[in-house]
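Participant: In this note's numbering, the protein residues as written are 231 to 907.
Here a beta-carbon is modelled for each residue, glycine too, at the ideal position from N, C-alpha and C.
One structure follows; several queries about it will come next.
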């Protein structure tokens, strides 16, 4: 017999044997990480409260870091210049460069607490929440839309109201909402009472949009598979964003490395299957309808909905009457009566109430699990092959084998309480590590979405635990955490050291120096708008479609199916999945974009006009110095002044404004402008 046929027959027998024995070791709750090894894993231990080592030169943060530097035999870099630190901390906290005025005020302030004043000012600015919201939106796979083309969007299944969630994140960060409550709002905000006693808590409802903004298909012939994929996305995102666990790996089999079984996965799946996040599954192959909730009391919404139904009924009757008797006089009694009813209803109709993408209690209408209910294991991840029913619960290894049953509701309230508990060994460590990563370019744990047993242990475990313990004891305040980090000596260090020192710690694991890094895509664009004087500080509302618009990049649309050239070129987050840290590429098209795109050229022209108009002196040398202060937060040196004057005076430079436009364009394209030192 032909060998190819024999191989096909053997493969067919193998597939048949897999189908006959679905409950093999891959679905065995005892498979995966050995419990004894898991119990020893550092991230699964209770958060400790280590004492800072003695002899540190600065804060407790510096005491932990200095000890590691000494052990490694490294020398600490000197403090960065004040202008360098100001540019660094201003970009880090707001995503924008410092103004010339703020730089002058800081450099002229001899007070010992001048650094503290700068940090407090930045943390209290609206720009802080806008910048740090963008970091969080990376983690929660946020997009404004699926389709970039407004004409192609299908309203029922497009997240048209996603911007309300984005604005809620901005407001929460600016108000320093405690992070444990920040978590609870996103998982179960619709179940939280309104602080002021209203019947509707808009912020809580809006926050649950976190669970709906996934990379989901518009529709599918296999609706049940689509729903199971949505639930998987919710479990995976909750696990990575808040716990640093890859819970989604247990969908088809027990987690191969971490103590999360398939039963744990479907215990959590029951929580989300019992949550109402789609209004309708739609017809086979047709579009879904996402769940939208009115941000108004039910009584108010019911009154308006009733009036709308009455109005539609009258309009239908009027249209039918006109169709049946096209020659009917306009003053016919029946027609006049209907017109009076229509006009009266329109006058009585209140304005539309705002709607939000949101989750509520209850299962999926028309789906396999339409109620508040436990669900069975999906063998090999398939809803078509169901195993035993698993009670809704938290993962047993972390929350214990003996958990009180979820007797009421979906279980999202219990999930939110468990995730945000101070006793959870993961939550505080994970967010503290994320914040550290966003300030230093790398976390103390270098895989922010994965604290499981395949991750690399922290470089500074005692520091991580000290920060986590301080964070919880300090009321889960992110602003307090930022203040500690950016006022440390480690954060203030210069980036340049000797070649020998750099070679001994090429990845800067021990933090003897500050690691330069490129600005994020959004910060590059926003900085161009800022220095050109064109940035529109208006906050909130639906995202605009055009990268050339003057608003901050946070308010320029992120579309899953067409991310745009700028976002793709400069490594903006892919909204299809949770992004723990962005790639940083250096490719020729980036330079070509900055040189040739109309957006960059337009900002160069505006910057040139600003320099000619606002510089404090008509002297070109002084104007060049002011340009360096605007763009780089430092004065120009003698060589830079000389070269700049030569460029302005060279033959072919054109008129004065054109020469300054070309020079401004060169400065905007420089490494110093797009890098943070």
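Let me make sure I understand the geometry here. Which of 463, 338, 400 has the alpha-carbon closest to that of residue 354?
Facilitator: Selected option, being the one with the closest Cα: 400.
Participant: DSSP three-state label for residue 903, please.
Facilitator: Three-state result, residue 903: helix.
Participant: Can you look up residue 255 in the DSSP assignment and give me helix, strand or coil?
Facilitator: Residue confidence is low: residue 255 scores 32 on pLDDT, short of 50, so the model does not pin down where it sits. Its coordinate-derived value is still stated next. Helix.
Participant: According to the Cβ coordinates, are residue 873 and residue 855 closer than 8 Å?
Facilitator: Not a contact, by the Cβ cut-off of 8 Å.
Participant: Relative to the C-alpha of residue 751, which candidate in 815, 729, 714 has its C-alpha closest?
Facilitator: Among 815, 729, 714, the Cα nearest to that of residue 751 belongs to 815.
Participant: Taking DSSP as the reference, what is the three-state secondary structure of residue 889?
Facilitator: Note: residue 889 maps to helix in three-state DSSP.
Participant: Just to confirm the assignment: which complete alpha helix (DSSP H) runs, minimum length 4, are found wholly within the region 262-303?
Facilitator: You should have 265-270, 290-302.
Participant: In its own chain, which residues sit with a C-beta less than 7 Å from the C-beta of residue 679, not counting the 5 before and 5 after it?
Facilitator: Answer for residue 679: 470, 474, 808, 810, listed in chain order.
Participant: Here's a check: name, in chain order, each residue in its chain whose Cβ is nearer than 8 Å to the Cβ of residue 383, leaving out the five neighbours to either side.
Facilitator: Result list for residue 383: 375, 376, 377, 390, in chain order.
Participant: Rounded to a whole number of angstroms, what is the C-alpha to C-alpha distance between residue 867 and residue 358?
Facilitator: Between residue 867 and residue 358, the C-alpha separation is close to 32 Å.
Participant: Provide the residue span of the beta strand (DSSP E) that contains residue 608, from first to last.
Facilitator: Counting along the chain, the beta strand (DSSP E) containing residue 608 begins and ends at 605-608.
Participant: Start and end of the beta strand (DSSP E) containing residue 619?
Facilitator: Element bounds for residue 619: 616-620.
Participant: If you draw a straight line from the alpha carbon of residue 710 to that of residue 323, how long is it in whole angstroms?
Facilitator: Answer to the nearest angstrom: the Cα atoms are 13 Å apart.
Participant: Can you list, in chain order, the residues of its chain whose CB lies under 8 Å from that of residue 350, leaving out five sequence neighbours each side?
Facilitator: These residues qualify, in order along the chain: 713.
Participant: Within its chain, find whatever has a CB closer than 6 Å to the CB of residue 302; leave out the 5 residues flanking it on each side and keep chain order.
Facilitator: Hits under 6 Å: 740.
Participant: Taking residue 393 as the reference, give the member of 439, 888, 407 with the closest Cα.
Facilitator: Nearest of 439, 888, 407 to residue 393, Cα basis: 439.
Participant: Quick check: residue 860 and residue 277, are their CB atoms within less than 8 Å of each other?
Facilitator: No, the Cβ-Cβ distance between residue 860 and residue 277 is not below 8 Å.
Participant: Short check: CB of residue 743 to CB of residue 725, under 8 Å?
Facilitator: In contact: residue 743 and residue 725 (Cβ atoms closer than 8 Å).
Participant: With residue 458 and residue 613 assumed to form a contact (beta carbons below 8 Å), what rounded beta-carbon distance in angstroms separates them?
Facilitator: Yes, they are in contact, since the Cβ atoms of residue 458 and residue 613 sit about 5 Å apart, within 8 Å.
Participant: Leaving out five residues on either side along the sequence, give the residues of the same chain with a beta carbon under 6 Å from the beta carbon of residue 972.
Facilitator: Only positions 231 to 907 of the chain appear in this structure, which leaves residue 972 out of reach.
Participant: In this structure, what does DSSP give as the bridge partners for residue 523?
Facilitator: Answer is 586.
Participant: In the DSSP assignment, what residue or residues form a beta bridge with residue 766?
Facilitator: Residue 766 is bridged to 781.
Participant: Indicate the three-state DSSP secondary structure (helix, strand or coil) for residue 611 in the structure shown.
Facilitator: It is helical.
Participant: Just the Cα atoms here: how many angstroms apart are residue 511 and residue 452?
Facilitator: Each residue's Cα considered, the two are about 10 Å apart.
Participant: In this structure, what does DSSP give as the bridge partners for residue 375?
Facilitator: According to DSSP, which records beta bridges pairwise, residue 375 is partnered with 789.
Participant: Whose C-beta lies closer than 7 Å to the C-beta of residue 280 among residues of the same chain, with five residues either side of it excluded?
Facilitator: Taken in chain order, the residues that qualify are 692, 695, 696.
Participant: Can you tell me which residues form a DSSP beta bridge with residue 505?
Facilitator: In the DSSP output, where bridge partners are listed per residue, residue 505 has 591.
Participant: What are the boundary residues of the alpha helix (DSSP H) that includes residue 365?
Facilitator: Counting along the chain, the alpha helix (DSSP H) containing residue 365 begins and ends at 356-369.
Participant: Does the distance from the C-beta atom of residue 594 to that of residue 690 stay below 8 Å?
Facilitator: Not closer than 8 Å, so no.
Participant: Where residue 675 and residue 687 are concerned, what is the direct C-alpha to C-alpha distance, given to the nearest angstrom?
Facilitator: Rounded to the nearest angstrom, the two C-alpha atoms are 6 Å apart.
Participant: Does the distance from the C-beta atom of residue 681 to that of residue 659 stay below 8 Å?
Facilitator: Yes. Within cutoff.
Participant: If we require 3 or more residues per run, which beta strand (DSSP E) segments fall completely within the region 616-653?
Facilitator: Those beta strand (DSSP E) runs which fall completely within the region 616-653 and span 3+ residues are 616-620.
Participant: Using a threshold of 8 Å, state whether the C-beta atoms of residue 642 and residue 417 are closer than that.
Facilitator: Against a cut-off of 8 Å, the Cβ pair of residue 417 and residue 642 comes out as a contact.
Participant: State the Cα-Cα distance for the pair residue 579 and residue 596, rounded to the nearest angstrom.
Facilitator: If you take the alpha carbons of residue 579 and residue 596, they lie about 32 Å apart.
Participant: Going by beta carbon distance, what residues of the same chain come within less than 7 Å of residue 772, once the five residues before and after it are set aside?
Facilitator: The answer, listed in chain order, is 393.
Participant: Determine the extent of the alpha helix (DSSP H) in which residue 721 is found, giving its start and end residues.
Facilitator: Taken as a continuous stretch (DSSP letters only), the alpha helix (DSSP H) holding residue 721 covers 719-722.
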